[in-house]
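Take a look at the structure set out below.
Numbering (this note's numbering), first residue to last: 79 to 334.
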């Protein structure tokens, strides 16, 4: 088997000691990077080099490294999750970059995602939006109905599943010129709005989640579509339209 190709790269990385510190871009050089390695493996290699040099390693977020959790959120060369499409940063491979290339790496840029350290941001605002209305009522008395006994239209089930694939990484927010979270909120509203189990809270779910979204400081949607393009799970803009319909319907019901 032929050996993998290696490249040398220059990294411009955002370094910030803590949330209150003033950050700046710092430059690092890295040689013999396998093009078969993932982007996070490349950062591991850089951190090993920094530790050997007695320097503080770069802090970045990650967990599963399988494109499932969404924690590996990096803005790479001006694109959320980098130049590839339909993948998270951990699934981005160094074959997407050229020998001698300079790569710019930054954290998500949003007032609602404050930087914790270096490339790690606080995305707990997403958790608070979900807690505001992203749930359903379940009878836990011991006589609850099995979910599989509730008929669900095939088209609605498929659309709900597609919405539920959102991993909450925040690429939509980082990409949007307005810092909008409407693709995320739209997906979380849709995954319940399309199913019978989600109808109990339907009259207030969208109102509560949108209100919390505004409270967190996210911007409004102006339909540029950049969020859908950069989303690693391909969440559709249709979910934003559905959220708007749910919100309007809830407003009308509450005024009756």
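For glycine and all other residues, C-beta sits at the position ideal for the given N, C-alpha and C.
Option nearest residue i by Cα separation, candidates the options
{"i": "residue 285", "options": "327, 244, 109, 248", "result": "327"}
{"i": "residue 86", "options": "101, 99, 106, 97", "result": "106"}
{"i": "residue 169", "options": "258, 92, 95, 116", "result": "116"}
{"i": "residue 232", "options": "253, 272, 198", "result": "272"}
{"i": "residue 307", "options": "84, 254, 102, 88", "result": "254"}
{"i": "residue 108", "options": "228, 125, 186, 322", "result": "125"}
{"i": "residue 267", "options": "165, 207, 102", "result": "207"}
{"i": "residue 93", "options": "316, 212, 186, 310", "result": "186"}
{"i": "residue 194", "options": "300, 101, 82, 310", "result": "101"}
{"i": "residue 274", "options": "245, 216, 305", "result": "216"}
{"i": "residue 189", "options": "197, 203, 196", "result": "203"}
{"i": "residue 237", "options": "312, 122, 123, 113", "result": "312"}
{"i": "residue 112", "options": "136, 174, 104, 130", "result": "174"}
{"i": "residue 303", "options": "127, 316, 228", "result": "316"}
{"i": "residue 147", "options": "287, 162, 167", "result": "167"}
{"i": "residue 139", "options": "200, 171, 157, 114", "result": "200"}
{"i": "residue 103", "options": "234, 122, 184", "result": "184"}
Cross-strand partners of residue i (DSSP beta bridge)
{"i": "residue 239", "result": "Answer is none; residue 239 lacks a bridge partner."}
{"i": "residue 214", "result": "Residue 214 pairs with nothing; no bridge assigned."}
{"i": "residue 116", "result": "171"}
{"i": "residue 300", "result": "DSSP lists no partner for residue 300."}
{"i": "residue 85", "result": "111"}
{"i": "residue 258", "result": "297"}
{"i": "residue 232", "result": "BP columns for residue 232 are empty, so no partner."}
{"i": "residue 103", "result": "92"}
{"i": "residue 199", "result": "193"}
Range of the contiguous beta strand (DSSP E) that encloses residue i
{"i": "residue 136", "result": "Residue 136 -> no beta strand (DSSP E), and no H or E assigned at all."}
{"i": "residue 324", "result": "No beta strand (DSSP E) holds residue 324; the alpha helix (DSSP H) holding it covers 316-333."}
{"i": "residue 176", "result": "No beta strand (DSSP E) holds residue 176; DSSP gives it neither H nor E."}
{"i": "residue 181", "result": "180-184"}
{"i": "residue 194", "result": "193-195"}
Cβ neighbour criterion (16 or more within 10 Å) applied to residue i
{"i": "residue 132", "result": "exposed"}
{"i": "residue 332", "result": "exposed"}
{"i": "residue 277", "result": "exposed"}
{"i": "residue 324", "result": "buried"}
{"i": "residue 149", "result": "buried"}
{"i": "residue 239", "result": "exposed"}
{"i": "residue 96", "result": "exposed"}
{"i": "residue 329", "result": "exposed"}
{"i": "residue 82", "result": "exposed"}
First through last residue of the alpha helix (DSSP H) which encompasses residue i
{"i": "residue 253", "result": "249-253"}
heavy atom of the ligand ZN below 7 Å from residue i C-beta
{"i": "residue 332", "result": "Only the bare structure without any ligand can be found here, which leaves the ligand ZN out of the picture."}
Within the chosen definition, does the region 144-163 reach the region 244-252 through at least 3 CB pairs nearer than 8 Å? As far as the Cβ criterion goes, the region 144-163 touches the region 244-252, which means the pair count is three or higher.
If you pair each beta-carbon of the region 286-294 with each one of the region 217-235, do three or more pairs fall below 8 Å? Taking 8 Å as the limit for Cβ pairs, the verdict is that the region 217-235 does not touch the region 286-294.
Validate contact between the region 81-100 and the region 172-179 using beta carbons, cut 8 Å, 3 pairs: A contact between stretches requires three or more CB pairs, one per stretch, nearer than 8 Å, and the region 81-100 meets this requirement with the region 172-179.
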